[in-house]
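Accompanying notes for the structure given below.
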Amino acid sequence: MSPPEHIEALKRPAQVCAVCGAPLESLAKHPSRLVEDGGGAARQDFCPACQAEARAGEYHSRWVALRPAPAPPPRRETRKAQAARLRDEFYRLADQPEPSEDDRDSLYLLAHLLMKTGGFRWRETRPDDGTLVFEDQTTKQMVEVPTVPLDPARLTAAQARLSELL
415 MSPPEHIEAL KRPAQVCAVC GAPLESLAKH PSRLVEDGGG AARQDFCPAC QAEARAGEYH
475 SRWVALRPAP APPPRRETRK AQAARLRDEF YRLADQPEPS EDDRDSLYLL AHLLMKTGGF
535 RWRETRPDDG TLVFEDQTTK QMVEVPTVPL DPARLTAAQA RLSELL
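Read left to right, the sequence shown gives residues 415 to 580 (the working numbering).
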């Protein structure tokens, strides 16, 4: 047999065995071979049970194909890292001399998110003006957040602004 002329035309590993049709994607390695196919070259992949068929017949080359290990799932951000990121955004907005109405909405939501993630601890709600008082768990300082009435449209807008932080 002459060597194939168009090696670059070879396909990726098959998903199923060329003989029995068993799935191959779950295997870390399996036998493969290169055969002549109508003037070109074709790759054939086999399951380990069909190794004898992979060795039989005429072929240019035979090898054990290694499939790459699946990529590990991306690591979820730890609760502590998320709280630190939310805290940074909270203080960035809180340090503005005149926060806008949108920023006040975001501060209110961020304070509650920080309470959920462990960055802030609720201490009290002042009855006279409804100001929420939180303790920053990192600095142990008290943080005051004015209560804002959120209508559905403003709440949706504030959630959209904060969604990139989550």
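For every residue, glycine included, the Cβ atom is placed at its ideal position computed from N, Cα and C.
Review point. Does DSSP classify Arg481 as helix, strand or coil?
Key: Counting from 1 along the sequence shown, the entry for residue 481 is found at position 67. In the structure shown, Arg481 sits in coil (DSSP, three-state: anything other than H, G, I, E or B).
| message | Checking 7 angstroms against the spacing of the C-beta atoms, do Arg518 and Val562 come in under that value? | response | For the purposes of this step, residue 518 is identified with residue 104 of the sequence shown, where counting begins at 1. For the purposes of this step, residue 562 is identified with residue 148 of the sequence shown, where counting begins at 1. Contact: yes.
**Study point:** Cβ distance (whole Å) where Leu524 is taken to contact Leu500 below 8 angstroms
**Key:** The residue you call residue 524 lines up with position 110 of the sequence shown. The residue you call residue 500 lines up with position 86 of the sequence shown. Confirmed, about 6 angstroms.
The beta strand (DSSP E) that contains Ala455, what's its start and end?
Within the sequence shown, numbered from 1, the residue matching residue 455 stands at position 41. Its beta strand (DSSP E) spans residues Gly454 to Asp459.
With a threshold of 8 angstroms, are at least 3 pairs of Cβ atoms found where one atom belongs to the segment 472-487 and the other to the segment 443-453?
yes
field: Interface flag, Glu439 vs chain D, CB-CB below 7 angstroms
entry: Given the protein chain composition of this structure (a single chain), no chain D is represented.
Taking DSSP as the reference, what is the three-state secondary structure of His474? Position 60 of the sequence shown holds residue 474. Looking at His474 - three-state DSSP - the assignment turns out to be coil, as it is neither helix nor strand.
By how many angstroms is the C-alpha of Thr539 removed from the C-alpha of Leu546? To locate residue 546, count along the sequence shown from 1; it is residue 132. To locate residue 539, count along the sequence shown from 1; it is residue 125. Using only the alpha carbons, I get a separation of about 5 angstroms.
Check: Does DSSP classify Ser440 as helix, strand or coil?
Finding: Position 26 of the sequence shown, counting from 1, holds the residue named residue 440. Coil.
Local conformation of Asp543 per DSSP, three classes: Numbered from its first residue, the sequence shown carries residue 543 at position 129. If DSSP states are grouped into helix, strand and coil, Asp543 belongs with coil.
inquiry  = On the DSSP letters alone, give me the boundaries of the beta strand (DSSP E) that Glu467 sits inside.
reply    = Taking the sequence shown and counting its residues from 1, the one referred to as residue 467 is at position 53. Looking at the DSSP string, Glu467 is not in any beta strand (DSSP E); the run it does join, the alpha helix (DSSP H), is Gln465 to Arg469.
task = Please name the residue or residues paired with Leu448 in a DSSP beta bridge.
result = The residue given as residue 448 occupies position 34 in the sequence shown. Looking at the DSSP assignment, Leu448 forms a beta bridge with Arg457 and Ser475.
- request: Could you name the residues of the same chain whose beta carbon sits closer than 6 angstroms to that of Lys425, not counting the 5 residues immediately before and after it, in chain order?
  value: Translated into the one-based positions of the sequence shown, residue 425 becomes position 11. Taken in chain order, the residues that qualify are Arg457.
- Query: Thinking just about the alpha-carbon of each residue, which of Gln496, Ala455, Pro462 and Arg535 is nearest to the one in Ala442?
  - Reply: What you label residue 442 is simply residue 28 of the sequence shown in a count that begins at 1. Ala442 has its Cα closest to that of Pro462, out of Gln496, Ala455, Pro462 and Arg535.
ask   = Using the C-alpha atoms, what's the distance from Arg489 back to Ser577?
value = In the sequence shown, the residue the question calls residue 577 occupies position 163. In the sequence shown, the residue the question calls residue 489 occupies position 75. In a straight line, the C-alpha of Ser577 is about 19 angstroms away from that of Arg489.
For Gln510 and Glu503, what's the separation of their Cα atoms in angstroms? Within the sequence shown, the letter at position 96 stands for residue 510. Within the sequence shown, the letter at position 89 stands for residue 503. Each residue's Cα considered, the two are about 11 angstroms apart.
Contact check, Asp459 vs Ala428, beta carbons under 7 angstroms = Your numbering for residue 459 matches position 45 in the sequence shown. Your numbering for residue 428 matches position 14 in the sequence shown. Contact: yes.
*How far does the alpha helix (DSSP H) with Glu512 in it reach, from first residue to last?*
Working through the sequence shown from its first residue, we reach residue 512 at position 98. Here Glu512 belongs to no alpha helix (DSSP H), and DSSP marks it neither H nor E.
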